[in-house]
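Start counting the sequence shown at 0; every next residue gets the next number (numbering that gives the first Met the number 0). Worksheet for the structure shown next.
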Amino acid sequence: MAKIQTAERVSQNDSSDNFVYQRSLLAYHYAAEKVSGDILEIGTGNGYGVETISSKAKVFITVDKNIPPVDTTKYNNVEFNCMKVPPLDGFAHNTFDYVIMFQVIEHIRNDFLMLEEIHRVLKPGGKLIISTPNKKMSLTRNPWHVREYTLAGFQNLLNCFFTIESADGVFGNQKVMEYYNKNKRSVEQIMQFDIFNMQYWLPRWMLKIPYDIFNRWNRQKLLKENTELTEGIKMTDYYVAPADDRCFDLLFTTVKK
0 MAKIQTAERV
10 SQNDSSDNFV
20 YQRSLLAYHY
30 AAEKVSGDIL
40 EIGTGNGYGV
50 ETISSKAKVF
60 ITVDKNIPPV
70 DTTKYNNVEF
80 NCMKVPPLDG
90 FAHNTFDYVI
100 MFQVIEHIRN
110 DFLMLEEIHR
120 VLKPGGKLII
130 STPNKKMSLT
140 RNPWHVREYT
150 LAGFQNLLNC
160 FFTIESADGV
170 FGNQKVMEYY
180 NKNKRSVEQI
190 MQFDIFNMQY
200 WLPRWMLKIP
210 YDIFNRWNRQ
220 KLLKENTELT
230 EGIKMTDYYV
240 APADDRCFDL
250 LFTTVKK
């Protein structure tokens with residue numbers, strides 16, 4: 000199995016990731032209430048959504064550039080393909096009833112081509128359920144992201160290929176916001192040493208390793224200082240509501256035009 004080092008790949012087995020993991024898990028349960036038939040997932044990640052989505056699918060194909068640390072072969076309707084995207088090579092036009100893609104498009108250099116390919120492989124009237132971090136809630140530049148989206152920018156991009164059925168966002172309750180504000184203060188303490196604002200002008204490749212080191216260190220620090228809070232956050236402490244600038248993630252359901 001591939002060993003995934005980057006802090007972008009959250010683990011259900013690392014308590015310091017819990018704040019992000021529970022939020023990520025919610026997207027799969029949100030999608031599970033909507034999906035059926037032939038489903039494609041772009042971005043398997045650590046595979047913690049496979050069981051949830053496969054139970055709703057006739058066929059569930061999930062793709063990622065890394066092999067996930069889960070055994071997808073134990074599900075008789077699941078197929079994993081190791082591939083980089085875009086394009087979606089090997090998938091015919093009008094194949095899938097649903098495509099899901101969570102926390103991926105911000106990593107894709109050619110986001111327009113990615114959506115064009117999703118549009119191609121969806122059946123007429125097929126739906127894309129997609130999430131991405133809300134730029135307004137980011138605490139610092141993330142060099143692993145090619146770009147981040149505002150609510151308006153994301154809507155404009157999706158409207159090129161899809162009709163937006165619901166423009167939702169992932170929000171947190173008081174417990175989640177307590178952790179977020181502690182994290183915000185901690186990040187601000189770290190970034191005070193970036194007196195030349197290097198995070199904004201250095202190339203992404205130079206920042207990835209330092210970002211990962213400080214990100215992991217900061218998550219462990221928050222876990223040590225606030226163990227009960229960090230470990231106590233559950234998926235149910237997040238909720239989905241119409242998106243605005245205060246949501247953590249933009250979570251849209253769209254229909255193929």
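Here a beta-carbon is modelled for each residue, glycine too, at the ideal position from N, C-alpha and C.
### Query
Alpha carbon to alpha carbon, what distance is there between M113 and M82?
The alpha-carbon atoms of M82 and M113 are separated by roughly 14 Å.
### Query
In terms of DSSP beta bridges, what is E40 paired with?
T61, I99
### Task
Within the same chain, show all residues whose beta-carbon is closer than 8 Å to that of N45, passing over the 5 residues directly before and after it, in chain order.
I3, R8, V9, S10, Q11, P67, P68, V69
### Message
For P209, count the other beta carbons within 10 Å of its own beta carbon; 16 or more makes it buried, fewer makes it exposed. Which is it?
### Response
exposed
### Query
What is the DSSP secondary structure of S137, reduced to helix, strand or coil?
coil
### Query
When burial is assigned at 16 or more other CB atoms within 10 Å of the CB, is Y199 buried or exposed?
exposed
### Query
Quick one: does the C-beta of K83 sit closer than 8 Å to a heavy atom of the ligand ZN?
Inclusion of the ligand ZN in the displayed structure is not the case, the ligand content being empty and no account of it being possible.
### Task
Could you say which of Y238, L206, S185 lies nearest to E224 if we only look at CA atoms?
S185
### Task
Measuring alpha carbon to alpha carbon, tell me which of D236, F195, Y148 ends up nearest D243.
Y148
### Short CB-CB distance (under 9 Å) between K220 and chain B
The question asks about chain B, but that chain is absent: this structure has only one protein chain.
### Message
When you compare the region 150 to 165 with the region 241 to 256, are there three or more beta-carbon pairs, one atom per stretch, that lie closer than 8 Å?
### Response
yes
#### Entry: Coil, strand or helix - T94 by DSSP
In the structure shown, the three-state DSSP call for T94 is coil.
### Query
Whose CA, out of R245, L150, R22, lies closest to the CA of F251?
L150
### Query
Looking at C-alpha atoms only, which residue of V19, R140, T43, F111 is the closest neighbour of L201?
R140
### Query
Is M197 buried or exposed, if buried means 16 or more other CB atoms sit within 10 Å of its CB?
exposed
### Task
Would you mind sorting G231 into buried or exposed? The rule is 16 or more other CB atoms within 10 Å of its CB.
With fewer than 16 other beta carbons inside 10 angstroms of its own, G231 counts as exposed.
### Per DSSP, the bridge partner or partners of Y237
G171
### Query
Between G171, T71, P85, which lies nearest to M79 when the distance is taken from Cα to Cα?
The sequence shown places Phe at residue 79, not Met. Of the candidates G171, T71, P85, the one whose C-alpha sits nearest the C-alpha of F79 is T71.
### Proximity below 9 Å, CB of T304 to CB of Q102
The structure shown does not extend to residue 304, since the chain is modelled only from 0 to 256, so the question has no answer here.
### Message
Give me, in chain order, the residues of the same chain whose beta-carbon lies closer than 8 Å to that of K183; leave out the 5 immediate sequence neighbours on both sides.
### Response
L138
### Query
Around the Cβ of A1, are there at least 16 other Cβ atoms within 10 angstroms (buried) or fewer (exposed)?
Any reading at A1 needs caution, since the residue's pLDDT is 38, under 50, leaving its predicted position unreliable; the model's value is listed next. A1 should be labelled exposed.
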